[in-house]
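Report on the following structure.
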Amino acid sequence: MTLVCSCRSARQSPEGHPHRFAGVRLEDVSFHSAGLERDVTYRVYLPAQLAGGKLPVIYLLHGAWENYRTWSDYSQAGALAANGAILVMPDGVLSYWVNEAGAPKDRYGDFLLHDLRADVEARFPARTDRAVRAIVGVSMGGFAAIEYALTRPDLFAFAGALSPALDAPERKFSWRRFGQSIRLRRVFGADGSAQRRDEDPFVLVTRADPATTPYIYITAGDQEALLGSVRRFAAQMERRGFAFEFHTSHGGHNWGTWNQQTAACFDALESRLPVRGI
0 MTLVCSCRSA RQSPEGHPHR FAGVRLEDVS FHSAGLERDV TYRVYLPAQL AGGKLPVIYL
60 LHGAWENYRT WSDYSQAGAL AANGAILVMP DGVLSYWVNE AGAPKDRYGD FLLHDLRADV
120 EARFPARTDR AVRAIVGVSM GGFAAIEYAL TRPDLFAFAG ALSPALDAPE RKFSWRRFGQ
180 SIRLRRVFGA DGSAQRRDED PFVLVTRADP ATTPYIYITA GDQEALLGSV RRFAAQMERR
240 GFAFEFHTSH GGHNWGTWNQ QTAACFDALE SRLPVRGI
């Protein structure tokens, strides 16, 4: 499927070293994001041969210090496209995928939920209903997957979070971690601010309705620093009766561990999305 528009372009020779899969096409797409007020690029895996029907969409969100190439370079997730799914890998820099408190032009929440979704659904044969839309992320991206599962249950039927950085809005300013503190202040606002509370998954989980929240799949390595906060969040979900599962595996906060966890996450995704062949 090809759509020509002056503000959009697709390149057939993506940069980086992405994994390739039989029966799967890879594209890099550039378009103008109103939320970010600039051109952005995202990467897509989709079936090489399209039969004419609409396909489910899985948004894959990278972690901090990564980019839109990371999922394709470090994981085997693209193999899912051969079964009839569109995998979308956007670029969120260090935004935690939210509208940043200290950067009015960095509205990454608007970009992800509105601009990107609209471009994908206009350009590719993507189904537009919640029942076949999923969001999966690692670390910073896992934070966003949980964030939007709780705040935008109308958009997603499944949310997967591998080693999610759920405690990020709780982290207090520290001279020892000055760079991280400045970045978190830019994203979430000052310590104790209303915006921090409104972006805090530990607050949001007390406000969300378990009956409408999508199914949530969470994992964490047994040797990583985030395990304690992830366990604490899982306990809150259990007390409130959310539909979820939580797993640990051996490993730390890295792609070696996440690649071990991805297959089971996608198995759970497949069992929850009512579509054939995903």
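Residue numbering for the sequence shown follows numbering that gives the first Met the number 0, starting at 0 and increasing by one per position. Here a beta-carbon is modelled for each residue, glycine too, at the ideal position from N, C-alpha and C.
In this chain, residue 247 is not harboured by any alpha helix (DSSP H); it is covered by the beta strand (DSSP E) spanning 243 to 248. Contact annotation: residue 164 and residue 155 have beta-carbon atoms that are not nearer than 8 Å.
Residue 89 has its alpha-carbon roughly 23 Å from the corresponding atom of residue 199. Annotated three-state conformation of residue 226 is helix, per DSSP.
Closest by C-alpha distance to residue 86, out of 214, 101, 39, 131, is 131.
With respect to the 8 Å criterion, residue 248 and residue 260 are classified as neighbours on the basis of their beta carbons.
Within 10 angstroms of the beta-carbon of residue 168 lie 16 or more other beta-carbons, which makes it buried. In the three-state reduction of the DSSP assignment, residue 200 falls in the helix class, which pools H, G and I. Per the C-alpha coordinates, the member of 210, 211, 209, 226 positioned closest to residue 217 is 226. By the Cβ criterion, the segment 11 to 31 is in contact with the segment 39 to 46, since at least three pairs of Cβ atoms, one from each stretch, lie closer than 8 Å. Fully enclosed alpha helix (DSSP H) runs of no fewer than 4 residues occupy 177 to 187, 193 to 198, 200 to 206 of the segment 158 to 218, in order along the chain. Counting the other CB atoms within 10 Å of its CB gives residue 118 a total of 16 or more, which places it among the buried residues. DSSP places residue 30 within a strand segment (E or B) once states are collapsed to three. Residue 237 is classed as exposed because its beta carbon has fewer than 16 other beta carbons within 10 Å across all chains shown. For residue 42, the secondary structure class from DSSP, reduced to helix, strand or coil, is strand.
Taking 8 Å as the upper bound for CB-CB distance, residue 63 and residue 111 are not in contact here, some 16 Å apart. Rounded to the nearest whole angstrom, the C-alpha separation of residue 233 and residue 205 is 12 Å.
The three-state reading of DSSP puts residue 111 in helix, counting H, G and I together.
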